[in-house]
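K.L.:
Can you keep this structure in mind? I'll have questions shortly.
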Amino acid sequence: MYLIALCLHLICAIGFVGYVFFDVCVYALAYRKEDKHKCDAVKKAYTLYGTRIFGIIFMLLILSGIWLLSFYDLKSIFNLSSYFNIFFWIKIFLIILMFLLTFYAIFFIRVLKKADPFKGRSHLIALLLSFLIIICAKMMQYFT
């Protein structure tokens with residue numbers, strides 16, 4: 370079961386980071402080179418369905434992470450004497466930060482009907498946090 374949880378988590382992480390990477394890097398470069406109206410139409414089309422898929426992947430990523438956590442001795446996680454646990458808690462902090470920033474932006478845009486509080490940089494922030502989370506995950510694996 371651990372292998373299934375790990376594979377699901379990895380596939381979701383690839384999808385999550387890939388979507389954010391596309392939006393931050395690929396789309397931004399295309400926007401500079403192509404007609405802005407055409408790019409806006411493309412972004413509107415993939416955002417319509419992409420946000421649903423992205424949301425599902427994000428939730429599966431969180432749930433598979435919790436599933437993976439169930440395979441560890443939870444008592445030892447609170448002991449910060451090992452590098453594994455230190456990187457684990459840094460990773461958890463970064464995930465919570467990403468989660469809070471996401472909900473803050475969604476609340477601001479959809480509920481308050483105001484402009485994006487991050488001025489279109491939400492996915493850049495998510496990409497940077499994702500890279501840090503991946504580094505923490507690899508460090509956890511290294512110190513296992």
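Quick note: to get my numbering, add 369 to the position in the sequence shown (first position is 1). Glycine is no exception: its CB is placed at the ideal position from the N, C-alpha and C atoms.
(1) Within a Cβ cutoff of 6 angstroms, which residues of the same chain sit near L501, ignoring the five residues on either side of it in sequence?
(2) What residue does the alpha helix (DSSP H) around M400 start on, and which one ends it?
(3) Quick one, are the C-beta atoms of L438 and L375 less than 8 angstroms apart?
(4) Reducing DSSP to helix, strand and coil, say where D392 ends up.
(5) Return the residue from the list Q510, M428, S491, F468 that minimises the CA-CA distance to C381.
(6) Within this structure, are the beta carbons of G384 and I426 separated by less than 8 angstroms?
(7) What first and last residue would you give for the alpha helix (DSSP H) that runs through F427?
(8) According to DSSP, simplified to helix, strand and coil, what is A474?
(9) Would DSSP call R490 helix, strand or coil?
P.N.:
According to the structure shown:
(1) L463
(2) Residue 400 is actually Tyr in this sequence, not Met. Note, Y400: alpha helix (DSSP H), 396 to 402.
(3) no
(4) helix
(5) M428
(6) Pairing G384 with I426 gives a Cβ-Cβ distance under 8 angstroms.
(7) 405 to 438
(8) Shown here, A474 sits in a helix according to DSSP, grouped into three states.
(9) coil
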